[in-house]
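Sequences listed follow chains A and B, in order.
Mind the numbering: the first sequence is residues 59 to 291 in the numbering used here, read in order.
Mind the numbering: the second sequence is residues 1423 to 1913 in the numbering used here, read in order.
All residues carry an ideal CB built from backbone N, CA and C; glycine is no exception.
In this text the structure is predicted, and so the values were computed from the model without any measurement.
First up is the structure itself, then whatever we jot down about it.
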Amino acid sequence: MNRATLIFLGAFLVLTLSWGGLLLSNEQGYGALTPYFDDNESKAYPALVPGLAARGALVYADLGCAYCHTQQVRGGELSADLARHWGDRVSYGRDYIRNPRVLLGDLRVGQDLRNFGARAPAAATLYLHLYDPAAVVPGSTMPPHPFLFEQHAISGQPSPLALKVGGVAPGTELVPTERAEALVAYLLSLKDGYDFPEESRKNTPPPPPKEKAGGKKEIAAPAAAPKPEATKK
Amino acid sequence: MSASKPSSPVLPVAEAADIDAAVRLPVLVLLAFAILWLLTASALGLVAAIKLTRPDFLASCEWLTFGRVYPAALNALAYGWGVSAGLAVALWLMARLSRAVLPGGGLLVVAAVCWNVGVKLGILGILAGWSNSVPWLEMPRQVMPFLLVAYVCMAAWVVGALRAGSSPRLYVSQWWVLAALFWLPWLLTAAGAMLFFAPVRGTVQSVVAAWYAHGLLALWFAPLGLGLVYYLLPKLLGKPIRAYYLAPFGFWFYALFSAWAGAARLADGPVPAWTQAAGAIASFMLLLPVAVIAVNLFGSFLGGGLAALGRGVVLRFAAVAALFFVLSTLLYVAMALPGVAAITRLTWFAAASDYAVIYGVFSFAVFGAVYYLAPRLVGREWPFASLIRAHFWLALAGLVLAGVSLSLGGLQQGRELTNAKIPFADVTQHTLPYLQAATLAGALLLLGHLAFAVNFVKLVLCPRHRAASAAAPVPASLLAAPELELEVHAS
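So this is what it looks like as structure tokens:
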């Protein structure tokens, strides 16, 4: 075997090792996380993302919101994510299993949006924020997204979603496009309200007895449980 | 890799000319594409940078909204400039070091055109709204198989040079280049499949993305840069690599740890703790190979080498690349420390260390290599020496200004983000001056690249220049290019 072949094989081995060790093993472990079924609420969490919001997630990706906004509430001693009220708890891997494309983000030019739905203003404000951020947050450096809105002649009733901004010709109105409505539905759907018992136990170091117990059960739902994916593990 | 056969340490001039003639067309075509992409990337990058501080700039153009123009710039830089230029210099380097006269460069040109068409479609796709929004993998998945095939055709050529060559030994540059050429398609195939064709679930996607992002930087850009630096430094200093016997350790340990280090990008994120720890430990272990490589590269400067920096611009480019390799790796090491990670991750600081690899290490090494090889390929000197100097100083000023402002700005941003008493709006406002400085840096880089492009076009095309040089014999100093068997001089 000559030296070039050796290097080739070595290089292959080195990368394959990391692929197996990092990606495959995570795919086997974390990739197998299932939704958790809460008996008391008769619901599985994380909840399914409704259709309009799911389409909004695609708009979020195509406009590249993720280059400025993260979607991960971080823990750790130094982190101030919780103190900034970006979430009631840190994000768990299980929160993301229903998201077709996970965009955690690398950079926080803007706030973390993982729980934006829990703190969102009225839809009208949110539309205006997308149209012209500085009109809502003076001095904002978030880019305006005027192309998410279109100007219509008013026919019959004015649209309830029409933006209240100046510079719109009389007889016309500025309304969100379908993509804008999907994006806003997506933003409003962003909240990880449910605290999974397994993760929350791991994440709160001194477990005060009976505190988190509530009615949430660790064991899979009884035989009568309605949903097939409700089983845990 | 011991020096066993010290015969014919110098490549005969005639043989060097044959080797160069065989790769002339593909190398020049690839470089021409690469330089066009470099200009595109710097222009798009400048637009993105301006938008960060002046959000109203070109705001109504959806194609140029920040979330599209920024990834478009980075993709143009990585795949347009990076891969084309990387393959061009790798091809030349491999042919020279392997002493191979390659046949059939025409096919390679076809593959190069296909690659560049693919990148163009990919970037238009991003601008038009088909972006995946996964860092470094934004191009629509439809172009990925196409790109992969074109890449494999080009890389096979470079590897072919090794097999066809008559040189019995492998120099360490060849290790780095060979491995990098192979790692990129491996990374792209695995990550593309696991993210877009058979997507994995939940945050496993983020692990895949981090593995790819770090792989692209540390297992493609940095290795190619290092391969060039290992070649250029001893050549220009007229001295062998210091402690050459350590070079293989540097190579293997760097590869081993870099492949895992990507997981450190997910520090404190919603992925398993052991994954984060594995990334942090691997990043920390990088200290070992980086020390070895630093001894190799900077050892050559001991004893009068520093004075040589004043003489040649190629050497200066290579020295900056070596310096930034050490610097950027140390940044990765630092960011793996838990206390540092909590502050620097998700800020401009982390972004700055990635730019340092692509620009400071890879691009500087390639600039140096192109200034060295292009005159040898076309058989005449660079038309404007002043533009070469201008390019160097503009690129260096841009690199340092962007690096310093983004890392300081990132540190401040991180410190303020971790202090909930400071309102978020203030954090944003306080980073603005740093981003303005980075914008200025982007403008300097663009100017430098223009100087590079003008010089290159004139060198390759200008007919009057060609007529003049046809009359005068090709300067012997260019053709001679003694190919020292670099490692033979290790004693």
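Measure the alpha-carbon distance for His-1636 of chain B versus Gly-1684 of chain B and round it to whole angstroms. As a first step, residue 1636 of chain B must be located in the second sequence, where it is residue number 214. As a first step, residue 1684 of chain B must be located in the second sequence, where it is residue number 262. So the two alpha carbons sit approximately 5 Å from each other.
Is the shortest distance between the beta-carbon of Gln-1627 of chain B and the beta-carbons of chain A less than 7 Å? The residue you call residue 1627 of chain B lines up with position 205 of the second sequence. Yes, because at least one Cβ of chain A sits closer than 7 Å to the Cβ of Gln-1627 of chain B.
Going by the CB atoms, is the gap between His-210 of chain A and Glu-236 of chain A shorter than 7 Å? Against the first sequence, residue 236 of chain A aligns to sequence position 178. Against the first sequence, residue 210 of chain A aligns to sequence position 152. The criterion of a C-beta distance shorter than 7 Å is not satisfied by Glu-236 of chain A and His-210 of chain A.
Of all Cβ atoms in chain B, is any one closer than 7 Å to the Cβ of Ser-149 of chain A? By one-based count along the first sequence, residue 149 of chain A stands at place 91. True, the Cβ-Cβ gap to chain B drops below 7 Å.
Taking CB distances under 7 Å as the criterion, tell me whether Pro-1711 of chain B reaches chain A. Translated into positions along the second sequence, residue 1711 of chain B becomes position 289. No, because no Cβ of chain A sits closer than 7 Å to the Cβ of Pro-1711 of chain B.
Can a CB atom of chain B be found closer than 7 Å to the CB of Ala-69 of chain A? Numbered from 1 along the first sequence, position 11 holds the residue referred to as residue 69 of chain A. Closer than 7 Å to some Cβ of chain B, the Cβ of Ala-69 of chain A qualifies, so yes.
When you compare the CB positions of Ser-1506 of chain B and Ala-1456 of chain B, do they come within less than 7 Å of one another, or not? By one-based count along the second sequence, residue 1506 of chain B stands at place 84. By one-based count along the second sequence, residue 1456 of chain B stands at place 34. Closer than 7 Å, so yes.
Simplified DSSP state of Pro-234 of chain A, which is helix, strand or coil: Walking along the first sequence from the start, residue 234 of chain A turns up at place 176. Pro-234 of chain A falls in the strand class under three-state DSSP.
Kindly give me the distance between the Cβ atoms of Leu-1639 of chain B and Val-1779 of chain B, rounded to whole angstroms, as I take these residues to be in contact under 8 Å. As a working mapping, residue 1639 of chain B is identified with position 217 in the second sequence. As a working mapping, residue 1779 of chain B is identified with position 357 in the second sequence. Leu-1639 of chain B to Val-1779 of chain B, Cβ: 5 Å. Contact.
Please name the residues in the segment 1602-1617 of chain B whose beta-carbon is closer than 8 Å to at least one beta-carbon of chain A, in chain order. Phe-1604, Trp-1605, Trp-1608, Leu-1609, Ala-1612 and Met-1616
By how many angstroms is the C-alpha of Val-242 of chain A removed from the C-alpha of Cys-1483 of chain B? Counting from 1 along the second sequence, the entry for residue 1483 of chain B is found at position 61. Counting from 1 along the first sequence, the entry for residue 242 of chain A is found at position 184. Near 20 Å, if we compare the C-alpha coordinates of Val-242 of chain A and Cys-1483 of chain B.
Closest to Val-1469 of chain B by CA distance: which of B:Leu-1872, B:Leu-1610 and B:Ala-1481 is it? Walking along the second sequence from the start, residue 1469 of chain B turns up at place 47. Taking the Cα of Val-1469 of chain B as reference, the smallest distance to any Cα among B:Leu-1872, B:Leu-1610 and B:Ala-1481 is reached at B:Ala-1481.
Distance, Cα to Cα, Ile-65 of chain A vs Phe-1671 of chain B? Locating residue 65 of chain A in the first sequence gives position 7, counting from the first residue. Locating residue 1671 of chain B in the second sequence gives position 249, counting from the first residue. Computed Cα separation, rounded: 13 Å.
In terms of DSSP beta bridges, what is Glu-208 of chain A paired with? The count along the first sequence starts at 1 and reaches residue 208 of chain A at position 150. According to DSSP, which records beta bridges pairwise, Glu-208 of chain A is partnered with A:Val-233.
My output table needs one value for Phe-1673 of chain B: the three-state DSSP class, helix, strand or coil. The residue given as residue 1673 of chain B occupies position 251 in the second sequence. It is helical.
Are Gly-1820 of chain B and Ala-1863 of chain B close, meaning C-beta to C-beta below 7 Å? Translated into the one-based positions of the second sequence, residue 1820 of chain B becomes position 398. Translated into the one-based positions of the second sequence, residue 1863 of chain B becomes position 441. Their beta carbons are under 7 Å apart, which means Gly-1820 of chain B touches Ala-1863 of chain B by this criterion.
Taking Cβ positions, are Gly-175 of chain A and Lys-249 of chain A nearer each other than 7 Å? The sequence position of residue 175 of chain A within the first sequence is 117, counting from 1. The sequence position of residue 249 of chain A within the first sequence is 191, counting from 1. Yes, they are a contact pair.
For Lys-101 of chain A, name the three-state secondary structure that DSSP assigns. The count along the first sequence starts at 1 and reaches residue 101 of chain A at position 43. In the structure shown, Lys-101 of chain A sits in a strand (DSSP, three-state: E or B).
CA-to-CA distance, Gly-1587 of chain B to Tyr-301 of chain A, given in whole angstroms: Nothing can be reported for residue 301 of chain A, as the shown portion of chain A is limited to 59 through 291.
Within 7 Å (strictly less), CB to CB, does Pro-1525 of chain B reach chain A? Looking up residue 1525 of chain B in the second sequence gives position 103. Judged by the 7 Å Cβ criterion, Pro-1525 of chain B is not in contact with chain A.
I want to verify the contact list: residues of chain B whose CB lies under 7 Å from the CB of Glu-85 of chain A, in sequence order. For this step, residue 85 of chain A is matched to residue 27 along the first sequence. Result: Val-1622 and Val-1626.
Which term fits Thr-63 of chain A, buried or exposed, when burial requires 16 or more other beta carbons within 10 angstroms of its beta carbon? Walking along the first sequence from the start, residue 63 of chain A turns up at place 5. The residue is exposed, with fewer than 16 neighbouring Cβ atoms inside 10 Å.
Local conformation of Phe-95 of chain A per DSSP, three classes: The residue given as residue 95 of chain A occupies position 37 in the first sequence. If DSSP states are grouped into helix, strand and coil, Phe-95 of chain A belongs with the strands.
Hey, is Leu-161 of chain A's beta-carbon within less than 7 Å of any beta-carbon in chain B? Taking the first residue of the first sequence as position 1, residue 161 of chain A is located at position 103. Yes, its Cβ sits closer than 7 Å to a Cβ of chain B.
Proximity of Asp-1442 of chain B and Leu-1799 of chain B at Cβ, strictly below 7 Å: Against the second sequence, residue 1442 of chain B aligns to sequence position 20. Against the second sequence, residue 1799 of chain B aligns to sequence position 377. Yes, Cβ-Cβ distance for Asp-1442 of chain B and Leu-1799 of chain B is below 7 Å.
Hey, which unbroken runs of the beta strand (DSSP E) at 3 residues or more fall wholly within the segment 1452-1537 of chain B? The segment 1452-1537 of chain B contains no whole beta strand (DSSP E) run of 3 or more residues.
So what does DSSP say about Ile-65 of chain A, is it helix, strand or coil? Against the first sequence, residue 65 of chain A aligns to sequence position 7. Correct three-state label for Ile-65 of chain A: helix.
With H, G and I counted as helix, E and B as strand and the rest as coil, what does DSSP make of Asp-1776 of chain B? Counting from one through the second sequence, the residue named residue 1776 of chain B turns up at place 354. Secondary structure of Asp-1776 of chain B (DSSP, three-state): helix.
At a CB-CB cut-off below 7 Å, which residues of chain B make contact with Phe-205 of chain A? Counting from 1 along the first sequence, the entry for residue 205 of chain A is found at position 147. Those within 7 Å of Phe-205 of chain A in chain B are Ser-1482 and Glu-1484.
So is Gly-134 of chain A in contact with chain B if we call contact Cβ pairs under 7 Å? If you number the first sequence from 1, residue 134 of chain A lands on position 76. Yes, its Cβ sits closer than 7 Å to a Cβ of chain B.
Backbone secondary structure at Ser-83 of chain A - three-state DSSP: For the purposes of this step, residue 83 of chain A is identified with residue 25 of the first sequence, where counting begins at 1. Correct three-state label for Ser-83 of chain A: helix.
Return the chain-ordered list of same chain residues with a C-beta closer than 6 Å to the C-beta of Ala-1890 of chain B, the five sequence neighbours on each side being excluded. The residue given as residue 1890 of chain B occupies position 468 in the second sequence. Any answer about Ala-1890 of chain B is weak, because its pLDDT of 45 lies below 50 and its placement is not dependable; what the coordinates show is given next. No residues qualify anywhere along the chain.
When you check each C-beta in the segment 102-119 of chain A against every C-beta of chain B, which residues fall closer than 7 Å? Under the 7 Å Cβ criterion, the segment 102-119 of chain A contributes Ala-119.
Contact set between the segment 1811-1823 of chain B and chain A, restricted to residues whose Cβ is under 8 Å from the partner: none
Does the CB of Leu-1678 of chain B have a neighbour CB from chain A at under 7 Å? For this step, residue 1678 of chain B is matched to residue 256 along the second sequence. Interface residue (Cβ-Cβ distance to chain A less than 7 Å): Leu-1678 of chain B is classified as such.
So, at 6 Å on beta carbons, what are the nonlocal neighbours of Val-117 of chain A in its own chain, with the 5 sequence-adjacent residues on each side left out? As a working mapping, residue 117 of chain A is identified with position 59 in the first sequence. Cβ neighbours of Val-117 of chain A beyond the five flanking positions: Arg-237, Ala-240 and Leu-241.
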